[in-house]
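Numbering (the numbering used here), first residue to last: 24 to 403. C-beta atoms are modelled at their ideal positions from N, C-alpha and C, and glycine is treated no differently. Owing to the predicted nature of the structure, the values given are computational and were not obtained by experimental measurement. Structure first, then comments.
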């Protein structure tokens, strides 16, 4: 009985002179092109099973490379097809930097299935020497994610990066301001145009982008609540509004100390709107330039550093004020779960391990309790 012809695009099967059967099917490649893939079988049925598997992968959009892709081919493809539309722009930009500067120059010529643990270790050593162990650790994370996607696409059978531990990175010692230093800063910032922004950063622990992404519709001064929904970010040459870091909004009760600065900011912005006239760019943002434009995140940090220096305070990052907020909340006895919700963390471990700093006074107080508990009683 004559076998049925395969439909167009499904390949064809014929017997070779050596007795084996051969089939060829056009299949998608990791770079988006299509090339012809050849499979063989001892019998017609075996060859047809291989052909049908290629057709199945093609219909599901799964790449089947005619030759193993090099990392210089797979990494950019993974970045565009798997990361660009699924992750934040900041994440995409960070991954692109690591791929361009560190991964492709060091292991780009390796093919996916030929990459070994030794190659990964050499890459990490080179990146650590060129940049830092922290940068190498991030490159390790990017490469691991890219090869995990290659495993899911059935391009390789294992992810060798998982066999190589990431470089150890010493955590930067955090020294946030104490209560007195924090109040000194707020007093020094009182006459600054961005005073209300600094109050929110210090009192609520808002991220820099979250402060600049606040809209008046997010603030209810009567009920004293603030909803964090967005953030302002700059990636390369683009300044844009994005969702919060964990893509979730959160409602924070406003302390009384935050209400007067926000009322002052509303009056100040109204005066700027009248002064700008037709040049005013209308938006609902709480913090804007004199013409209503979005404030550059770096400019907020520069103002913070300028006030810090003028007040004679220890130099810290604006983000470190967020650490100080968590420390003050813990010192006031606020439960860890509540602190986590205020700061907008996705996991409580982040709150406990990174954003708390135990002062010398708190440690001395704790050991004072131990002294009272364990000291021997004097005989009567």
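Where residue i sits in the DSSP three-state scheme
| i | result |
| --- | --- |
| residue 64 | strand |
| residue 85 | coil |
| residue 151 | helix |
| residue 276 | strand |
| residue 355 | coil |
| residue 37 | strand |
| residue 254 | strand |
| residue 210 | helix |
| residue 249 | strand |
| residue 58 | strand |
| residue 334 | coil |
| residue 69 | helix |
| residue 297 | helix |
| residue 128 | helix |
| residue 311 | strand |
| residue 134 | strand |
| residue 140 | helix |
| residue 92 | coil |
| residue 78 | helix |
| residue 216 | coil |
| residue 43 | coil |
| residue 339 | coil |
Cut-off 7 Å between Cβ atoms - residues of its own chain near residue i, not counting five sequence neighbours on either side
| i | result |
| --- | --- |
| residue 364 | 273 |
| residue 43 | 63, 64, 65 |
| residue 318 | 235, 310, 311, 312 |
| residue 264 | 236, 253, 255 |
| residue 38 | 44 |
| residue 299 | 313, 314, 315 |
| residue 266 | 253 |
Of the residues the options, the one placed nearest residue i, counting alpha carbons only
| i | options | result |
| --- | --- | --- |
| residue 280 | 124, 201, 359, 224 | 224 |
| residue 89 | 299, 187, 264, 50 | 50 |
| residue 203 | 370, 337, 155 | 337 |
| residue 127 | 155, 104, 114, 97 | 97 |
| residue 72 | 45, 57, 85, 197 | 45 |
| residue 345 | 360, 263, 356, 367 | 367 |
| residue 246 | 267, 129, 296, 278 | 278 |
| residue 168 | 77, 301, 105 | 105 |
| residue 155 | 190, 328, 209 | 190 |
| residue 112 | 261, 83, 301 | 261 |
| residue 288 | 328, 218, 68 | 218 |
| residue 153 | 267, 124, 249 | 124 |
| residue 120 | 67, 165, 213, 78 | 165 |
| residue 57 | 194, 68, 82 | 82 |
| residue 290 | 78, 239, 75, 77 | 239 |
CB of residue i within 7 Å of CB of residue j, strictly
| i | j | result |
| --- | --- | --- |
| residue 330 | residue 141 | no |
| residue 235 | residue 255 | yes |
| residue 315 | residue 326 | no |
| residue 159 | residue 147 | yes |
| residue 222 | residue 320 | no |
| residue 138 | residue 173 | no |
| residue 162 | residue 143 | no |
| residue 118 | residue 102 | yes |
| residue 207 | residue 334 | yes |
| residue 237 | residue 282 | no |
| residue 275 | residue 227 | yes |
| residue 231 | residue 323 | yes |
| residue 176 | residue 242 | no |
| residue 36 | residue 70 | yes |
Cβ-based neighbour list, residue i, same chain, cut-off 6 Å, excluding 5 preceding and 5 following
| i | result |
| --- | --- |
| residue 80 | 87 |
| residue 220 | 234, 310 |
| residue 343 | 199 |
| residue 170 | 182, 184 |
Rounded separation between residue i and residue j - CA only
| i | j | result |
| --- | --- | --- |
| residue 181 | residue 145 | 19 Å |
| residue 201 | residue 372 | 23 Å |
| residue 292 | residue 347 | 29 Å |
| residue 362 | residue 370 | 11 Å |
| residue 188 | residue 341 | 32 Å |
| residue 130 | residue 91 | 15 Å |
| residue 40 | residue 132 | 37 Å |
| residue 296 | residue 114 | 35 Å |
| residue 251 | residue 270 | 10 Å |
| residue 68 | residue 192 | 55 Å |
| residue 301 | residue 294 | 14 Å |
| residue 196 | residue 352 | 20 Å |
| residue 77 | residue 268 | 40 Å |
| residue 339 | residue 304 | 33 Å |
Beta-carbon proximity list for residue i, same chain, < 8 Å, skipping 5 on both sides
| i | result |
| --- | --- |
| residue 484 | Past the boundaries of the shown model lies residue 484; the chain is included only from 24 to 403, so the question cannot be answered. |
| residue 374 | 349, 359, 362, 363, 366, 368 |
| residue 109 | none |
| residue 116 | 258, 259 |
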